[in-house]
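Reviewing the structure listed below.
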Amino acid sequence: MRVSSAVLEVHVGTSSVFSVEGQQAVLPAWYTSRSQKKPYVTWLLDKEDADPFQILTYLDGAVKVEETELKSRVGFLYPVLTHNISVFINATREHDSGQYMCTVNVVDDVTSMGKNVGVINLTVLVLPATPTCQLHGNPTVGANVTLSCASEKGKPSPIYQWERAAPSLQVFFPPAQDQDRGTLKLTNLSLAMSGLYVCVARNRVGSAECSIVLEVHSTSSTAVIAGAVLGSLGALATIVVFARRVVGYRRKKRDGQEEAANEIKEDAVAPKPPSWARSPASDTISKTSTLSSIAGAREKSYGTRPPSDTASILTGSSPETVTQAFKNSMC
7 MRVSSAVLEV
17 HVGTSSVFSV
27 EGQQAVLPAW
37 YTSRSQKKPY
47 VTWLLDKEDA
57 DPFQILTYLD
67 GAVKVEETEL
77 KSRVGFLYPV
87 LTHNISVFIN
97 ATREHDSGQY
107 MCTVNVVDDV
117 TSMGKNVGVI
127 NLTVLVLPAT
137 PTCQLHGNPT
147 VGANVTLSCA
157 SEKGKPSPIY
167 QWERAAPSLQ
177 VFFPPAQDQD
187 RGTLKLTNLS
197 LAMSGLYVCV
207 ARNRVGSAEC
217 SIVLEVHSTS
227 STAVIAGAVL
237 GSLGALATIV
247 VFARRVVGYR
257 RKKRDGQEEA
267 ANEIKEDAVA
277 PKPPSWARSP
287 ASDTISKTST
297 LSSIAGAREK
307 SYGTRPPSDT
317 ASILTGSSPE
327 TVTQAFKNSM
337 C
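Note that the numbering used here has the sequence shown beginning at 7, numbered continuously upward.
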């Protein structure tokens, strides 16, 4: 009795699947076999930054979902016994991208090397996030500025296109515009270059945009405005400094006056009145009388003696003395 053998082979509908983030992805695969036995099916995910790991298996008629971040979002699309082993992934995320491999083994089936393995690459595309538009430089007449546009998210990486909106519609090209970096260089600005500039970030999934208003100023008006602002600030500062000095001077003067008044109250002694001012009136009269007596005595000592006195002097003198005295009196 000859044992029949069947050839087992895994087939895939495509080698690459693309899905948009948030949508469902289907990895189509099936196998061929003449055996009626239940297969053993394994799905693995191989990512560049990790070793391959199982995400889904079918063994002895039972489905097992492995403990991975895909657990709540992955499963077989059809019953496995139909030989269709396609899987679905719901609400795809960017890091679901990778190489998915399915392996099938069936009892009594003969397999050729590598024929029982199918490989599908999944790429989850991401719509560009709303970009951010910025202006770099001082938009004055004759100056140069750069407009930048950047989207934080997008797969594949978006390219950027700048254009000036209506009514002065204008499209820009290299080298003024760098579509990879999202920059637009505007040189030798003029007042006519003022307007609304729009940046569109685009990849194969879709697009998003942002805009910025460019307002070019003349140098003279800018200088006048800046000078007026600086002059106002300088005048205000001068007033503040002057007010502080006046307040400080008045405070210092007031403190000095208060300190001098306190020193007079504490250290000064009232002047004593003269002794004569305190003497009674009788004492004054006595002193006046004394002075009058002294003056009278002086007048008497120098005035003409009375005759009685002359006589008393001549008494008891010799005749010669009397004669001489008489002569002296006559002279």
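Backbone N, C-alpha and C define an ideal beta-carbon position, used for all residues, glycine too.
For residue i, is the classification buried or exposed, using 16 other Cβ atoms within 10 angstroms of its Cβ as the cut-off for buried?
i	result
A171	exposed
D186	exposed
D102	buried
T88	exposed
D115	buried
N194	exposed
Q176	exposed
M199	buried
Q42	exposed
P45	buried
T225	exposed
S154	buried
L192	buried
Could you name the residues that DSSP lists as bridge partners for residue i?
i	result
H223	T146
M107	L50, V125
D184	T189
S154	Q140, T189
A97	Paired residue(s): none; A97 is not in a bridge.
Can you tell me whether DSSP reads residue i as helix, strand or coil?
i	result
R79	helix
E73	coil
T136	coil
D102	helix
T20	coil
V204	strand
R170	strand
K159	coil
A214	strand
A56	coil
V86	helix
A68	strand
A198	helix
Following a CB-centred definition, is residue i positioned closer than 7 angstroms to any heavy atom of the ligand SAH?
i	result
R251	Absence of the ligand SAH is noted for the structure shown, with no ligands found whatsoever.
Measure the beta-carbon distance from residue i to residue j and round it to whole angstroms, keeping in mind my assumption that it falls under 8 angstroms.
i	j	result
V71	R99	The pair is not a contact, with the Cβ atoms about 17 angstroms apart (cut-off 8 angstroms).
E169	V204	6 angstroms
Q30	N96	5 angstroms
N122	E215	Going by Cβ atoms, the distance from N122 to E215 rounds to 49 angstroms, so no, they are not a contact pair.
V110	V47	5 angstroms
L83	V93	6 angstroms
F59	L65	17 angstroms between Cβ atoms; not a contact.
L202	T152	Rounded, the Cβ-Cβ distance is 17 angstroms, inconsistent with contact.
In angstroms with no decimal places, state the Cα-to-Cα distance between residue i and residue j.
i	j	result
P85	E54	31 angstroms
L133	K161	7 angstroms
N90	G19	11 angstroms
G104	N144	46 angstroms
V147	V206	27 angstroms
F179	T136	22 angstroms
L76	G124	20 angstroms
P164	S39	45 angstroms
M119	S217	58 angstroms
C139	S157	9 angstroms
P35	H17	Per the sequence presented here, residue 35 reads as Ala, with Pro not at that position. Computed Cα separation, rounded: 6 angstroms.
V23	L197	51 angstroms
V112	I61	20 angstroms
G67	D52	25 angstroms
K258	R251	10 angstroms
N150	A182	12 angstroms
R79	D57	21 angstroms
G254	R260	10 angstroms
L220	E27	35 angstroms
C108	G81	13 angstroms
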